[in-house]
Structure formats: structure tokens, C-alpha cells
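Participant: First the structure, which I've put down as C-alpha cells, then a few questions once you've had a look.
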Amino acid sequence: MTRALRARTTRRCDVLAAEPAVLVLEDGTRYVGRAYGARGRTLGEAVFATGMTGYQETLTDPSYAGQIVLMTAPHIGNTGTNDEDMESRQIWVAGYVVREPSRVVSNFRAQRSLDDDLVAQGVVGISGIDTRAVTRHIRSAGAMRSGIFSGDDFELSDSEQLELVLAGAKMRGRNLSAEVSTVEPYTVPAVGEKIGSVAVLDLGVKKSTLENLAGRGLDVHVLPQQVSAQDVLSLGVSALFFSNGPGDPQASDKHVALLQETLQAGLPYFGICFGNQLLGRALGLDTYKLPFGHRGINQPVLDKRTGRVEITAQNHGFAVKAP
């Protein structure tokens, strides 16, 4: 038996022998399982992601900040993690819930196990619970505050754990842009023939978004979320782009004001996810919180004009209210 295989076999036993943990929802529902990742306590809004693959991209998407993410796919971690598939500088989820973590990492691109990354970055998780049952509960009752408790925090009484969950922050009215945005501006140069430039307001932008913009011949000027309209206009860019990001668009008045000022100056604009919601607000529309949101790379959308169904990637808990 090789040393690598012995290490994998030992790791398999460690996963099976994990200590207990519990997921507590704000309505008092409890799911007892096994500790996964770091031990301790974490609080956040419980949501579910439906992608069968791409767990590393999910974990490192800044749009998931403040949320305990449950994966509906039952087997997670089999391809490990690597530096290339990081969507940002770190894992952003508040906590992680899986049915069955892989006991063996098997992929030629893997540099670490998923459990290694969760432990190294202090992400508290839980495994071994019926994630489909939790998903159905959230789908019926709506996204809600929650907590994962393991280690010493598992020994707290049921009422103490629930009290901590109920004291946690709600996502409605929460502004998280400052937590996920870059502190300093930087530029991603155009790939190939340059056709223009774009200013990107980083509200939680993903690496792949910047790479796609640069790959289409744009110099990408990434800006911190607190910049002024004058800062944007002074760059002389071809357009302004607002990125995806976490939080409630109703709590981002300063970004709405920034967008309104740049639109009045005649600067073309486009945005995705959070950026699209802020455009709605800038144009006088309201936004609202969805019951449980849409999160995953396999979200079907029906085009009522053609009758065609397309599979889309989505990640949002808020939407623009149609006039």
C-alpha cells in the first residue's frame, strides 16, 4: 500500500468518526449530524444551492457572505479543491451543510481536500443530515436564520442554541458590500485586441466575471464599493458595471445614488445580480426578498414567447418588483 493510499484510508476513518453537530433553524427545527470542517459555532441565513458540481465556486462566491449554504447534491468534495477554481480570495459562506462528504479526493487538479480548506479558513459545517428534507423545509417555510453548533457549542442546551440563532442578524436590511469589496482599485488588462474599457464596482465580484470581461477585449478597472461618481467618470471608461454581491439592495442607497449620477452623465451601464437590482432601484422600482431565492447552476427558466426552457446559473435572494 502506498503512502498516499494509506493517508486516504486514514482520512476516511476520521470522517466516519466525526464528533456530533447540530443545525438549528429559527423556527426551532433541529437536525443532528456530524461535525464537518472547523468546530465551533456559526450563524447565518440558511439557504440551499442546487448545483450538482462547482462546490468550490459556490464557497468562494462573495454573494454567499452571511449565509449558511446547504448543498442539495448528496455527495460533496470528491474532486478536492485547487487555486485555479477560486472565485475570490477566500471562502465566504458563514457555514456549510452537506449530506455525505467525500472520504477520498480523486482528481488530477486537486491540491487539497475540501475539509482542509474549511478547517484552514475556520468555516464551521455539518454533514450526515438529510439535506433534501432540510431543503423541502426551507422551500416551504422560507429562508431563515440558523446556526451550526459543534465542539463545545454542541453541549449548549437546545434553548441556548435557539436563543443565539434568534439573536443573529436578518438578511433583510443588511448591507454587506464593505465586507466583500476590494480595498484598493486594480486593473485587469484586456486579452487580445482591446476594444474599450469598463469600470467595475466591486460589490462582491467573482474572478470569472472579470476574466470574461477582459477576454472580450476590455481593460477592466475594478473599484472599491465606496468610490464616488467623479472617481468613476474621471477614468474615461466606455461603460460602468455593477457586480453581483450579498445583502439587501434596499440597504445600498449610496450605490443607487452613484448609479443615478453616472447615468445622468450619460455613461452606459450594465450589471448582473445585485447590480441589476440596484439598477431597478435607480430607475424608481422597488426590490423585495424572495421566499427562498434561486441559487445554483441548474435553474430552469421558461421563455413564454417561444416556449423554450433554458438552464441558467442564478444566485440571488432578492428581486426587482415589476411595475
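Count the sequence shown with the numbering used here and you get residues 1033 to 1355, in order. For every residue, glycine included, the Cβ atom is placed at its ideal position computed from N, Cα and C.
If you reduce the DSSP assignment to three classes, tell me which class Glu1342 lands in.
Facilitator: Along the sequence shown, one-based indexing puts residue 1342 at 310. Glu1342 falls in the strand class under three-state DSSP.
Participant: Kindly give me the distance between the Cβ atoms of Ala1283 and His1253, rounded to whole angstroms, as I take these residues to be in contact under 8 Å.
Facilitator: Here residue 1283 is taken as the residue at index 251 of the sequence shown, counted from 1. Here residue 1253 is taken as the residue at index 221 of the sequence shown, counted from 1. Wrong, their Cβ atoms sit about 25 Å apart, outside the cutoff.
Participant: Taking 7 Å as the limit between beta carbons, can you name the residues of its chain near Leu1295, skipping five residues before and five after?
Facilitator: Residue numbering aside, residue 1295 sits at position 263 when the sequence shown is read from its first letter. Result list for Leu1295: Tyr1301 and Ala1314, in chain order.
Participant: Rounded to whole angstroms, how far is the Cβ of Ser1159 from the Cβ of Pro1278, which I believe are closer than 8 Å?
Facilitator: Translated into positions along the sequence shown, residue 1159 becomes position 127. Translated into positions along the sequence shown, residue 1278 becomes position 246. Wrong, their Cβ atoms sit about 24 Å apart, outside the cutoff.
Participant: Among Ala1261, Val1264, Gly1224 and Glu1077, which one has its Cα closest to the Cα of Gly1247?
Facilitator: Residue numbering aside, residue 1247 sits at position 215 when the sequence shown is read from its first letter. Of Ala1261, Val1264, Gly1224 and Glu1077, the residue nearest in Cα terms is Gly1224.
Participant: In this structure, how does DSSP classify Glu1132 when only helix, strand and coil are distinguished?
Facilitator: The residue labelled residue 1132 in the question sits at position 100 within the sequence shown. In this structure, Glu1132 counts as strand in the three-state DSSP scheme.
Participant: With a floor of 3 residues, list each beta strand (DSSP E) that falls wholly inside the stretch 1253–1325, ordered by position along the chain.
Facilitator: 1271–1274 and 1301–1303
Participant: Alpha helix (DSSP H) containing Asp1109: first to last residue?
Facilitator: Translated into the one-based positions of the sequence shown, residue 1109 becomes position 77. Checking the sequence, you will find Gly at residue 1109 rather than Asp. Per DSSP, Gly1109 belongs to no alpha helix (DSSP H) and is neither H nor E.
Participant: Per DSSP, which residues does Ser1182 bridge with? Please list them.
Facilitator: For the purposes of this step, residue 1182 is taken as the residue at position 150 of the sequence shown. Its beta-bridge partners are Ala1053.
Participant: Exposed or buried, Phe1273, counting other C-beta atoms within 10 Å across all chains shown (16 or more means buried)?
Facilitator: Translated into the one-based positions of the sequence shown, residue 1273 becomes position 241. Only buried fits Phe1273, as 16 or more other CB atoms lie within 10 angstroms of its CB.
Participant: Under a Cβ-count criterion, where at least 16 other Cβ atoms within 10 Å of its own Cβ denotes burial, should Asp1147 be classed as buried or exposed?
Facilitator: The residue labelled residue 1147 in the question sits at position 115 within the sequence shown. By the Cβ-count criterion, Asp1147 is buried, with 16 or more other Cβ atoms from all chains shown falling within 10 Å of its own Cβ.
Participant: If Val1130 and Thr1163 are in contact, beta carbons under 8 Å, what's the gap, nearest whole angstrom?
Facilitator: What you label residue 1130 is simply residue 98 of the sequence shown in a count that begins at 1. What you label residue 1163 is simply residue 131 of the sequence shown in a count that begins at 1. Contact flag correct, Cβ pair sits at about 7 Å.
Participant: Looking only at its chain, what residues have a beta carbon closer than 6 Å to the beta carbon of Gly1368, apart from the 5 residues adjacent to it on each side?
Facilitator: Residue 1368 lies beyond the residue range present for the chain, which begins at 1033 and ends at 1355; the question has no answer from this structure.
Participant: How many Å lie between Ala1036 and Ala1081 at the Cα?
Facilitator: Counted from its first residue, the sequence shown places residue 1036 at position 4. Counted from its first residue, the sequence shown places residue 1081 at position 49. Here the model assigns Ala1036 a pLDDT of 37, short of 50, so the residue's position is not dependable and the matter cannot be decided.
Participant: Do Ala1053 and Ala1070 have their CB atoms nearer than 8 Å?
Facilitator: Taking the first residue of the sequence shown as position 1, residue 1053 is located at position 21. Taking the first residue of the sequence shown as position 1, residue 1070 is located at position 38. Not closer than 8 Å, so no.
Participant: Going by beta carbon distance, what residues of the same chain come within less than 6 Å of Arg1171, once the five residues before and after it are set aside?
Facilitator: In the sequence shown, counting from the first residue as 1, residue 1171 sits at position 139. Once the five neighbours on either side are set aside, the close Cβ partners of Arg1171 are Phe1324.
Participant: Would you check if there are 3 or more beta carbon pairs closer than 8 Å linking the stretch 1170–1189 to the stretch 1200–1219?
Facilitator: By the Cβ rule, the stretch 1170–1189 counts as touching the stretch 1200–1219, because three or more pairs are nearer than 8 Å.
Participant: Contact defined as beta carbons within less than 8 Å: I believe Glu1077 pairs with His1107. What is the distance between those atoms, to the nearest angstrom?
Facilitator: Counted from its first residue, the sequence shown places residue 1077 at position 45. Counted from its first residue, the sequence shown places residue 1107 at position 75. In fact, because the Cβ distance is near 24 Å, the residues do not count as touching under 8 Å.
Participant: Can you list, in chain order, the residues of its chain whose CB lies under 8 Å from that of Thr1074, leaving out five sequence neighbours each side?
Facilitator: In the sequence shown, residue 1074 corresponds to position 42, counting from 1. Same-chain partners within the cutoff: Ile1100, Ala1126, Gly1127, Val1155, Val1156, Gly1179 and Ile1180.
Participant: Which residue's Cα is closest to the Cα of Leu1055: Leu1102, Tyr1320 and Glu1119?
Facilitator: In the sequence shown, the residue the question calls residue 1055 occupies position 23. The shortest Cα separation from Leu1055 among Leu1102, Tyr1320 and Glu1119 belongs to Leu1102.
Participant: Would you give the residue range spanned by the beta strand (DSSP E) that Arg1062 belongs to?
Facilitator: As a first step, residue 1062 must be located in the sequence shown, where it is residue number 30. Per DSSP, Arg1062 belongs to the beta strand (DSSP E) from Arg1062 to Gly1069.
Participant: Hey, could you find the ends of the beta strand (DSSP E) Leu1091 is sitting in?
Facilitator: For this step, residue 1091 is matched to residue 59 along the sequence shown. From DSSP, Leu1091 is part of no beta strand (DSSP E) but of the alpha helix (DSSP H) over Tyr1087 to Leu1091.
Participant: Helix or strand or just coil, what does DSSP make of Glu1119?
Facilitator: Working through the sequence shown from its first residue, we reach residue 1119 at position 87. It is coil, neither helix nor strand.
Participant: I need the DSSP call for Ser1159, collapsed to helix, strand or coil.
Facilitator: The count along the sequence shown starts at 1 and reaches residue 1159 at position 127. Strand, per DSSP.
Participant: Using the DSSP secondary-structure output, state which residues sit across from Met1176 in a beta bridge.
Facilitator: Translated into the one-based positions of the sequence shown, residue 1176 becomes position 144. Ala1078.
Participant: Does the Cβ-Cβ distance between Lys1353 and Thr1319 come in under 8 Å?
Facilitator: Position 321 of the sequence shown, counting from 1, holds the residue named residue 1353. Position 287 of the sequence shown, counting from 1, holds the residue named residue 1319. Taking 8 Å as the Cβ cut-off, Lys1353 and Thr1319 qualify as a contacting pair.
Participant: What residues in its chain sit with their C-beta under 8 Å from that of Ala1297, if we drop five residues either side in the sequence?
Facilitator: The sequence position of residue 1297 within the sequence shown is 265, counting from 1. Cβ within range, chain order: Ala1261 and Leu1265.
Participant: Mind checking which residues open and close the beta strand (DSSP E) that includes Gly1247?
Facilitator: Within the sequence shown, the letter at position 215 stands for residue 1247. No beta strand (DSSP E) holds Gly1247; the alpha helix (DSSP H) holding it covers Lys1239 to Gly1247.
Participant: Write down the C-beta distance between Gly1098 and Arg1206 rounded to the nearest angstrom, noting that I regard them as a contact closer than 8 Å.
Facilitator: Here residue 1098 corresponds to residue number 66 of the sequence shown, with the count starting at 1. Here residue 1206 corresponds to residue number 174 of the sequence shown, with the count starting at 1. The Cβ separation is near 7 Å, so the contact holds.
Participant: Within 10 angstroms of its Cβ, does Ser1191 collect 16 or more other Cβ (buried), or is it exposed?
Facilitator: Walking along the sequence shown from the start, residue 1191 turns up at place 159. Exposed, because fewer than 16 other Cβ atoms sit within 10 Å of the Cβ of Ser1191.
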